[in-house]
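So for the sequence shown, UniProt numbering puts the first residue at 1; every next one is plus one.
Ideal Cβ placement from N, Cα and C applies to all residues, glycine included.
Here's the structure, in structure tokens; my notes come after.
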Amino acid sequence: MLIRWYLAYALSYRDIEELALELGLKVDHSTINRWVIDGAPQLEDEFRKRHKSPVGISWRMDETYINVKGQWVYLYRAVDKEGNTVDFMLSEKRDEPAARAFFEKAIGSNGIPDKVTMDKSEVTHLHTYLDFLRY
């Protein structure tokens with residue numbers, strides 16, 4: 001319950017500590033911090049399983065080069081017509097295996113789309129891969 005409060009509302013760890021005390025629980029704010037670090041990923045996974053919004057059947061896929069914590073990586077991303085994120089993946093390389101891994105990850109989570117639009121980069125050969133998956 002305390003972890004959910006922290007994730008759901010704009011409360012500090014000290015605010016949560018005070019709320020817990022009102023419930024008769026004596027918990028230090030640093031303990032709540034550790035609980036959030038340990039428990040938040042599991043709560044997020046459960047939330048995504050239950051509240052995953054369906055994505056459209058027409059995707060736009062692209063990759064771009066970004067800096068993450070001082071390291072340059074490729075961000076592969078797919079969005080549907082309404083702009084909802086279908087999936088994303090970070091990769092050190094921009095090549096066919098990386099693009100294929102991303103595409104398979106997106107399909108594994110969301111099913112095979114009816115249409116995929118990509119830029120004219122070297123990953124456009126994945127259109128052939130999409131046709132192969134349909135038949």
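Unbroken alpha helix (DSSP H) run spanning N110, endpoints
96–110 is the extent of the alpha helix (DSSP H) around N110.
Can you pull the DSSP bridge partners for T64?
The secondary-structure analysis by DSSP pairs T64 across a beta bridge with L75.
Which same chain residues, not among the five before or five after A8, have their C-beta less than 6 angstroms away from its C-beta?
Sequence-distant Cβ neighbours of A8 in its own chain, meaning closer than 6 angstroms and more than five residues away, do not exist here.
Under DSSP, the alpha helix (DSSP H) around L19 begins and ends at which residues?
Start and end: 13–22.
Straight-line gap, P97 to R50 (C-alpha atoms, nearest Å):
C-alpha of P97 to C-alpha of R50: approximately 31 angstroms in a straight line.
My guess is that F88 and Y76 are in contact by the Cβ rule of under 8 angstroms, so how many angstroms apart are they, rounded?
Separation of the CB atoms of F88 and Y76 is rounded to 6 angstroms, and the pair is thereby assigned contact status at 8 angstroms.
Are any of the Cβ atoms in chain B nearer than 8 angstroms to that of K93?
In the structure shown, chain B does not exist; there is a single protein chain.
Cβ shell of Y6 (< 6 angstroms), same chain only, five flanking positions each side left out
Same-chain partners within the cutoff: I16, V36.
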